[in-house]
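What follows is one structure encoded as structure tokens, with my remarks underneath.
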Amino acid sequence: MYHLHGLLLPPKQLYNEREAFTKRYYLLFVFLAFFSALGSLYFLYQLSLREAVWLLPVFISSFVYLAPKIPSSWFDFFRRNIRMKTTMLAITWIYTMDVLPILVNESSISSTVIFYWLYRYMLIYVVCVLFDYRDRKRDAQHGIPSFIYQLQPKQLLNFLHALLLFAMVSNLLLYNQVNSLQLLIHSVPVILLYWSLPISMKTNSDTWFLLVLDNFIFLAPWIGCILTMLT
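Sequential numbering of the sequence shown, starting at 1002, is according to our numbering.
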């Protein structure tokens, strides 16, 4: 799904570096999409029926997110009616990365887990909002609606500040369950996102969005891995 989303280029004007790069190496991405599909099917076959059922929400939400980009009148319904695609994308990310591991392992869902999920969701949602805000003109041309596109820059900035504050509060509420170092590690991406908001709202650079901003989601796990290897 991820490869297909990237392969669905606009029929006329290319809007950013990533689309130009994809067009230049289109056959390579088709090749990657094909083999990633084979890999997905192979690993899906290894799952039990119960585990596969837990993946259904991911399949459905991924398709709904992809559908508005498909250049066919059959998918006009999705282009006209998908109004919460940013929210849906953030839910898909957190469900895949943070909710599924707990559901599959039948761990108990405590207040600690809920606060952690809230922290992760707010962090991921901010990144998704910034991506969709960058693409607002293109999405508007394709008839894809979103409440984000109605916000003025100052309104959007206040909205993102509120989300990051919520993320930080959710993280700090874990202070009785995790050590101070873990709290500090999970505070780093929140602080960096807050500091970088003016840059993210002004630039259209794919290098910034795909190499820097996107990886804020994975920064805390990476720091944790590095510290574990060093100790």
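Quick reminder that beta carbons are idealized off the backbone N, C-alpha and C, glycines included.
Could you check where the alpha helix (DSSP H) with residue i kicks off and where it finishes?
| i | result |
| --- | --- |
| Ser1062 | Leu1057 to Leu1067 |
| Ser1197 | Ser1181 to Lys1203 |
| Asp1133 | Ser1112 to Arg1135 |
| Tyr1218 | Sequence inspection shows Ile at residue 1218; the Tyr mentioned does not correspond to that position. From DSSP, Ile1218 is part of no alpha helix (DSSP H); its letter is neither H nor E. |
| Tyr1003 | Tyr1003 to Leu1008 |
| Ser1206 | From DSSP, Ser1206 is part of no alpha helix (DSSP H); its letter is neither H nor E. |
| Lys1024 | Glu1018 to Arg1025 |
| Met1233 | In the structure as shown, the chain starts at 1002 and stops at 1232, and residue 1233 therefore has no counterpart that could be examined. |
| Pro1102 | Leu1101 to Val1105 |
| Asn1172 | Pro1154 to Leu1173 |
Check this for me: beta carbons of residue i and residue j, under 9 Å apart or not?
| i | j | result |
| --- | --- | --- |
| His1187 | Tyr1120 | yes |
| Ser1197 | Leu1214 | yes |
| Phe1030 | Gly1007 | yes |
| Ile1092 | Tyr1122 | yes |
| Phe1217 | Val1128 | yes |
| Leu1067 | Leu1124 | no |
| Thr1088 | Tyr1150 | no |
| Leu1048 | His1004 | no |
| Met1202 | Leu1158 | yes |
| Tyr1096 | Ser1062 | yes |
| Leu1194 | Gln1183 | no |
| Met1002 | Phe1064 | yes |
| Asn1017 | Asn1205 | yes |
Answer yes or no: the CB of residue i versus the heavy atoms of the ligand SAH, is any distance below 8 Å?
| i | result |
| --- | --- |
| Val1127 | Looking for the ligand SAH in the displayed structure turns up nothing, as the structure carries no ligands at all. |
Of all the CB atoms in chain D, is at least one closer than 9 Å to the CB of residue i?
| i | result |
| --- | --- |
| Gln1047 | The question asks about chain D, but that chain is absent: this structure has only one protein chain. |
If you pair each beta-carbon of the segment 1090–1107 with each one of the segment 1225–1232, do three or more pairs fall below 8 Å? no
Just checking, does the segment 1069–1077 make contact with the segment 1108–1117 on the three C-beta pairs under 8 Å criterion? no
Within the chosen definition, does the segment 1124–1137 reach the segment 1197–1212 through at least 3 CB pairs nearer than 8 Å? yes
Quick check: the segment 1050–1066 against the segment 1156–1172, are there 3 or more CB pairs under 8 Å? no
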